[in-house]
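Number of protein chains: 2
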Amino acid sequence: MKVLVIGGDGFCGWPTALHLSDQGHDVIIVDNLSRRKIDVELGVDSLTPIAPIETRLAVWKEVSGKTIGFEYLDVALEYQRFLDLLLSERPDAIVHFGEQRAAPYSMRTPAAKRFTVDNNVSGTHNVLCAIVESGQDIPLVHLGTMGVYGYGWSGSAPIPEGYLTVKVPTPDGDIDREILHPANPGSVYHMTKTLDQLLFAFYAKNDALRITDLHQGIVWGTQTPQTERDERLINRFDYDGDYGTVLNRFLMQAAIGHPLTVHGTGGQTRAFIHVRDTVRCIEIALSNPPKRGEQVSVFNQVTETYRVRELAELISKITGVEIANLPNPRKEAAENDLNVTRDRFVALGLNPTTLSEGLLSEVRDIANRFKDRADTTKIIARSVWNKGMETSPDLVK
Amino acid sequence: MKVLVIGGDGFCGWPTALHLSDQGHDVIIVDNLSRRKIDVELGVDSLTPIAPIETRLAVWKEVSGKTIGFEYLDVALEYQRFLDLLLSERPDAIVHFGEQRAAPYSMRTPAAKRFTVDNNVSGTHNVLCAIVESGQDIPLVHLGTMGVYGYGWSGSAPIPEGYLTVKVPTPDGDIDREILHPANPGSVYHMTKTLDQLLFAFYAKNDALRITDLHQGIVWGTQTPQTERDERLINRFDYDGDYGTVLNRFLMQAAIGHPLTVHGTGGQTRAFIHVRDTVRCIEIALSNPPKRGEQVSVFNQVTETYRVRELAELISKITGVEIANLPNPRKEAAENDLNVTRDRFVALGLNPTTLSEGLLSEVRDIANRFKDRADTTKIIARSVWNKGMETSPDLVK
Chain A
1 MKVLVIGGDG
11 FCGWPTALHL
21 SDQGHDVIIV
31 DNLSRRKIDV
41 ELGVDSLTPI
51 APIETRLAVW
61 KEVSGKTIGF
71 EYLDVALEYQ
81 RFLDLLLSER
91 PDAIVHFGEQ
101 RAAPYSMRTP
111 AAKRFTVDNN
121 VSGTHNVLCA
131 IVESGQDIPL
141 VHLGTMGVYG
151 YGWSGSAPIP
161 EGYLTVKVPT
171 PDGDIDREIL
181 HPANPGSVYH
191 MTKTLDQLLF
201 AFYAKNDALR
211 ITDLHQGIVW
221 GTQTPQTERD
231 ERLINRFDYD
241 GDYGTVLNRF
251 LMQAAIGHPL
261 TVHGTGGQTR
271 AFIHVRDTVR
281 CIEIALSNPP
291 KRGEQVSVFN
301 QVTETYRVRE
311 LAELISKITG
321 VEIANLPNPR
331 KEAAENDLNV
341 TRDRFVALGL
351 NPTTLSEGLL
361 SEVRDIANRF
371 KDRADTTKII
381 ARSVWNKGME
391 TSPDLVK
Chain B
398 MKVLVIGGDG
408 FCGWPTALHL
418 SDQGHDVIIV
428 DNLSRRKIDV
438 ELGVDSLTPI
448 APIETRLAVW
458 KEVSGKTIGF
468 EYLDVALEYQ
478 RFLDLLLSER
488 PDAIVHFGEQ
498 RAAPYSMRTP
508 AAKRFTVDNN
518 VSGTHNVLCA
528 IVESGQDIPL
538 VHLGTMGVYG
548 YGWSGSAPIP
558 EGYLTVKVPT
568 PDGDIDREIL
578 HPANPGSVYH
588 MTKTLDQLLF
598 AFYAKNDALR
608 ITDLHQGIVW
618 GTQTPQTERD
628 ERLINRFDYD
638 GDYGTVLNRF
648 LMQAAIGHPL
658 TVHGTGGQTR
668 AFIHVRDTVR
678 CIEIALSNPP
688 KRGEQVSVFN
698 QVTETYRVRE
708 LAELISKITG
718 VEIANLPNPR
728 KEAAENDLNV
738 TRDRFVALGL
748 NPTTLSEGLL
758 SEVRDIANRF
768 KDRADTTKII
778 ARSVWNKGME
788 TSPDLVK
């Protein structure tokens, strides 16, 4: 099928575009390159040396014989061009990664908060609006986040996949109602994904759009079988305080001998998924869209859960690097349990990569190999949820 | 106190600004005049001859001796100017009406859908972000809508004021959880107000902002004691298919002998409030903000409920004008009951104007008096929820 991948130059988008191309799909990347531009703004760079998008596409053509298209286009700001693309290309599906995706960045400054809201909401709404205006039946797969659920809301019950049935008291006794899991976002970024959910619910109801929302955990790992085929296809690896995800940050810190930066007690339990599984999940979701008129289809896209301090202890044990407990720049519970339902992807054949399988190659092939590219002044998290929540000066000069 | 009224030139905003000024508050209107510009776009005009904002303010000064300030400013597009205004004026409270508020307009075209989302979400988020950045403790009162709740969700239970407690099943038995009433918006406009709710919840939680959200019913009536003090202070009265609210439309239709346009069976039950009560509710809400750290305070701002066909029959009986049953351009239930909790405003002293008290003066002083200004080509609703839902050609040439 022909698939538009919005945000197809990013951390999840790029390996997804390659995976789908490798599987024989006709892929067109739509990207405004905002992720690379934010690196410029923050003065940071991927630990891995990522090639420009044009090089990436040329190399992929060279190693696979397959062409991936590219449109330099901002879906939040260039509605008419995006609509024209739908009308000329008539894609069979759209995968939408085109959102600012770092919680710390979304709390960094008023400008970053506003960019996150304006970019994510207008972008997602434009995609929905353009599908309706195109008159085409184009299923949409969107990357949500586990963070829409918050943590600890449902007691001992596992977090369901999107919906749950609750009892509502009435004068005639309790009645059962299925509701979208109540939203409890922990950052402006996560909040935008809770807004997306309401956009999706409306367009599914009013226009019978076929929408899948994937509530993904924290992604770790770097490479997929496709990005490994040539050095110039390498995926990005963020380690900075804004964009680095926790496990990748620990791996890079260990590689350079920097203390592992645990915020608060490290008792936060989070859900994880390897980027290799992300791309498989996207493909499964593309193959299983809801029917027209059905409600938004929600999957929890996670494979394992860990406490942050468990991860730090694991890496510390492997590498001998110490752990530094720093103040927490986020407003969040110090400790939480996490029990996530993830039956839908398992039922559709996902066979996950576990931490125990993938960790050593990450240490060897990525963190140790590229450690000389690290800028140690970018490691400490500097974005805070409220004034006064600053964590620490740099730990290593 | 010093109050900024965002959208203070509009249908609810203008009488609110005058009421607050009359009560001795120091009022500054912030408005981009977008409502007047949309009239230009649609080629329609208020049935009542509204004066330019500068005239309005000069006349108010003349009749009351009081000055109302005015900033021509778009909160969705001019963040820095709005922040500067907070820093220089240091208001004690903000009332936020600055959103595109017509459901039919929000479904009219892709451009109107996008404007509604972009204007309402970015505007509301900018207001929240600027309050935080200003470092000031400024309570915010926002106009929501009963439409966030949808209709018929809670069985025989009345719609609560914002929150309800449900039972969530867990392996250890049901647990009680208070949730924001699930959102079920019926248009892109209503959807934006459900997005606002999530913005408010986040900023109340993360930044301890003090926010009141008023879920208002359909406003009817035109004048308040303040707008009646001079012809040039008159409030707007919309009768067109996009902005006219149902009861005002019937009144104008009756005045010119146009059939009363009921869509579908007219079995839709809706909640109503006179504009005179709107301004009192705003004042009550300003006097009773939540404390810092408390959740968003939600009021249902309604006084009566009627089925649309009951209203049509009432007006038809008074005036002798016939009823025209037209196809419904909206996706909505043909018939619904509506039982709304509105205890909070009643407890705080609201003594509502009922239809039986206010209707005749509306017929006499507004609809009949200004009927020669009506453009009969703008009466039929032309905005449709999906292609193919068009209702009717003009009924009167």
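Protein sequence lines, in the order shown, are assigned to chains A and B.
At position 9 of the first sequence the residue is numbered 9 (the working numbering), and the sequence of numbers has no breaks.
In short: position in the second sequence from 1, add 397, done, that's the working numbering.
Where is the CB? At the ideal position from N, CA and C, for every residue including glycine.
What you are looking at is a predicted structure, and each value in this text was computed from that prediction instead of being measured.
Under the three-state DSSP convention, the category H355(B) falls into
With chain B covering only 398 through 794, there is no way to say anything about residue 355(B).
From G8(A), F11(A), H19(A), residue whose alpha carbon lies closest to that of R280(A)
Closest option to R280(A), judged by alpha-carbon separation, among G8(A), F11(A), H19(A): H19(A).
Opening and closing residue of the beta strand (DSSP E) in which Q613(B) lies
608-613
Assuming V298(A) is part of the beta strand (DSSP E), what are its boundary residues?
297-301
Would you tell me roughly how many angstroms separate the C-alpha atoms of V643(B) and F696(B), rounded to the nearest one?
The alpha-carbon atoms of V643(B) and F696(B) are separated by roughly 23 Å.
For F97(A) versus I6(A), is the C-beta distance shorter than 8 Å?
I6(A) is positioned such that its CB atom lies closer than 8 Å to that of F97(A).
Touching by the beta-carbon criterion (3+ pairs, under 8 Å), the stretch 139-148 of chain A and the stretch 189-197 of chain A
yes
Going along chain B in order, which residues have a C-beta closer than 9 Å to the C-beta of A255(A)?
Those within 9 Å of A255(A) in chain B number zero; the least Cβ separation is about 34 Å.
Does the distance from the C-beta atom of L164(A) to that of H181(A) stay below 8 Å?
yes
Is it true that the stretch 303-315 of chain A meets the stretch 249-267 of chain A, where meeting means three or more beta-carbon pairs spaced less than 8 Å apart?
yes
M588(B) CB to nearest chain A CB: under 8 Å?
yes
Quick check on K37(A): does DSSP put it in helix, strand or coil?
helix
Proximal residues, the stretch 195-225 of chain A versus chain B, C-beta separation under 8 Å:
L195, L198, L199, A201, F202, K205, N206, D207
Given that P290(A) touches chain B, what residues does it touch there, using C-beta distances under 7 Å?
In chain B, no part has a C-beta under 7 Å from the C-beta of P290(A); the shortest such distance is about 18 Å.
Whether Q216(A) touches G152(A) by CB criterion (8 Å):
No, the pair does not count as a contact, with Cβ atoms beyond the cut-off.
Same chain only: Cβ atoms within 8 Å of V363(A), ignoring 5 sequence neighbours per side
L251, A254, A255, I318, T319
Which residue wins for smallest C-alpha separation from N325(A), given the options D343(A), T391(A), A157(A)?
T391(A)
Confirm the yes/no value for this check: CB of G785(B), any heavy atom of the ligand HEM, distance under 7 Å.
Summarising the ligand content, the structure contains no ligands, and the ligand HEM is consequently not present.
Look at the alpha carbon of R236(A) and the alpha carbon of R673(B), and state the distance between them as a whole number of angstroms.
59 Å
If you reduce the DSSP assignment to three classes, tell me which class I447(B) lands in.
coil
Three CB pairs or more closer than 8 Å across the stretch 422-439 of chain B and the stretch 459-468 of chain B
Verdict: yes, contact present.
In the structure shown, what three-state DSSP assignment does V518(B) receive?
helix
Neighbour flag for H125(A) against chain B, beta carbons, 8 Å:
For H125(A), the answer is yes, since a Cβ of chain B falls inside 8 Å of its Cβ.
Contact criterion: CB-CB distance below 8 Å. Does D471(B) meet it with respect to chain A?
no
Per the contact definition of three or more C-beta pairs closer than 8 Å, is the stretch 529-537 of chain B in contact with the stretch 485-504 of chain B?
yes
CA-CA distance, D791(B) and D637(B)?
Near 12 Å, if we compare the C-alpha coordinates of D637(B) and D791(B).
Give a yes or no on whether the minimum CB-CB distance between R177(A) and chain B is below 8 Å.
yes
Going straight from the alpha carbon of T432(A) to that of G661(B), what length do you get?
Here chain A comprises residues numbered 1 to 397, so residue 432(A) is not present and cannot be evaluated.
For the candidate residues V132(A), T212(A), I38(A), P104(A), whose alpha-carbon lies nearest to that of E161(A)?
T212(A)
Should S519(B) be flagged as near chain A, meaning a C-beta pair shorter than 8 Å?
yes
For K359(B), count the other beta carbons within 10 Å of its own beta carbon; 16 or more makes it buried, fewer makes it exposed. Which is it?
The requested residue 359(B) is not part of the displayed model; chain B covers only 398 to 794.
Quick one: does G552(B) have its CB under 8 Å from some CB of chain A?
yes
Sort C526(B), S713(B), V737(B), V659(B) by Cα distance to I670(B) and report the nearest one.
V737(B)
Do you know offhand how far G13(A)'s Cα is from R741(B)'s?
49 Å
Endpoints, the beta strand (DSSP E) within which E575(B) is located
572-577
Would you kindly check if the distance between the Cβ of V441(B) and the Cβ of G405(B) is under 8 Å?
No; because the gap between Cβ atoms is not below 8 Å, this pair is not in contact.
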